[in-house]
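Visitor: All you need for our numbering is the position in the sequence shown, starting with 1, plus 165.
Ideal Cβ positions, reconstructed from N, Cα and C, are used throughout, including at glycine.
What follows is a single structure, and I will ask about it in a moment.
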Amino acid sequence: MSSDRRRVFPGDFGPPPVYKEKQRSEPSHEKGNVWSWPPGEPSPAFTPLPPYPAGPNLSNIRYPRDVSGPRYQCPECEQQFLFHRLMGIVVCPFCQKTVTVGRYNKKRSTLYLVVGLLLLLVSAIILTAYFIWFPKMPYVLISVLLISVGGFVSLIKAAHTRNRYPDAIRVDQY
166 MSSDRRRVFP
176 GDFGPPPVYK
186 EKQRSEPSHE
196 KGNVWSWPPG
206 EPSPAFTPLP
216 PYPAGPNLSN
226 IRYPRDVSGP
236 RYQCPECEQQ
246 FLFHRLMGIV
256 VCPFCQKTVT
266 VGRYNKKRST
276 LYLVVGLLLL
286 LVSAIILTAY
296 FIWFPKMPYV
306 LISVLLISVG
316 GFVSLIKAAH
326 TRNRYPDAIR
336 VDQY
């Protein structure tokens with residue numbers, strides 16, 4: 166038996182001690198651990214902090230004239246709402262439709278268009294180089310195929326991004 170233990174546990178330390186599960190102790194009130202509610206009852210409801218910037222919730226009402234900030238008009242319901250960023254996607258608080266503010270759609274679709282055309286140009290250059298210098302390396306055609314598929318996907322994404330959301334109109338006089 167001892168020879169088996171020496172094989173399994175080499176050295177002078179011997180086998181590890183037997184594992185004993187510790188008894189879990191409840192926190193005592195005498196040591197300063199005081200609960201904020203009685204045991205057995207559910208915790209009180211969590212009241213979240215107001216959103217930043219703090220203030221009243223003005224999402225579904227028409228803003229008074231003295232509330233400053235950039236106003237936009239929803240193209241779907243023609244109601245005005247405040248949006249404190251220069252561009253982005255926002256949900257109209259009145260009709261719950263998603264609209265874009267600023268040049269978000271144009272910038273994003275232009276980015277996809279440029280990337281798509283660049284990928285198609287790179288695939289055409291690699292394909293031309295394949296036929297001129299590397300006709301005996303057919304694995305180059307796989308990379309050309311993958312790059313051109315990425316270019317076409319980017320072009321489709323550009324068309325989809327441009328036409329997906331209507332643009333909110335900035336209201337200067339209110």
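Inspect the beta-carbon positions of R335 and N270 and report whether they are closer than 8 Å.
Guide: Counting from one through the sequence shown, the residue named residue 335 turns up at place 170. Counting from one through the sequence shown, the residue named residue 270 turns up at place 105. Contact flag unset, no.
Visitor: Using the Cβ count rule (16 or more neighbours within 10 Å means buried), how would you classify A324?
Guide: In the sequence shown, residue 324 corresponds to position 159, counting from 1. By the 10 Å Cβ count, A324 comes out exposed.
Visitor: Any C-beta of chain B sitting closer than 8 Å to the C-beta of R327?
Guide: Looking for chain B here will not work: only one protein chain is present.
Visitor: Measuring straight from C-alpha to C-alpha, what distance separates Y330 and I312?
Guide: As a first step, residue 330 is located in the sequence shown; it is residue number 165 there, counting from the start. As a first step, residue 312 is located in the sequence shown; it is residue number 147 there, counting from the start. Using only the alpha carbons, I get a separation of about 28 Å.
Visitor: Ends of the beta strand (DSSP E) at V264?
Guide: For the purposes of this step, residue 264 is identified with residue 99 of the sequence shown, where counting begins at 1. Taken as a continuous stretch (DSSP letters only), the beta strand (DSSP E) holding V264 covers T263 to V266.
Visitor: What does F246 pair with, by DSSP beta-bridge criteria?
Guide: Here residue 246 is taken as the residue at index 81 of the sequence shown, counted from 1. Partner(s): Y237.
Visitor: With a CB to CB cut of under 6 Å and the five nearest residues on each side skipped, what residues in its chain are close to L320?
Guide: In the sequence shown, the residue the question calls residue 320 occupies position 155. G281, listed in sequence order.
Visitor: Over the uninterrupted beta strand (DSSP E) stretch that includes V279, give me the two end residues.
Guide: Counting from 1 along the sequence shown, the entry for residue 279 is found at position 114. Per DSSP, V279 belongs to no beta strand (DSSP E); it is in the alpha helix (DSSP H), Y269 to I297.
Visitor: State the start and end residues of the unbroken alpha helix (DSSP H) segment that holds V183.
Guide: Residue 183 sits at position 18 when you count from the first residue of the sequence shown. For V183, no alpha helix (DSSP H) encloses it, and the DSSP letter there is neither H nor E.
Visitor: Going by other Cβ atoms of all chains shown within 10 Å of its Cβ, with 16 needed for buried, is C260 buried or exposed?
Guide: Position 95 of the sequence shown, counted from the start, is the residue given in the question as residue 260. Flag for C260 reads exposed.
Visitor: Check whether the Cβ atoms of V314 and I291 sit closer than 8 Å, and answer yes or no.
Guide: Numbered from its first residue, the sequence shown carries residue 314 at position 149. Numbered from its first residue, the sequence shown carries residue 291 at position 126. Not a contact, by the Cβ cut-off of 8 Å.
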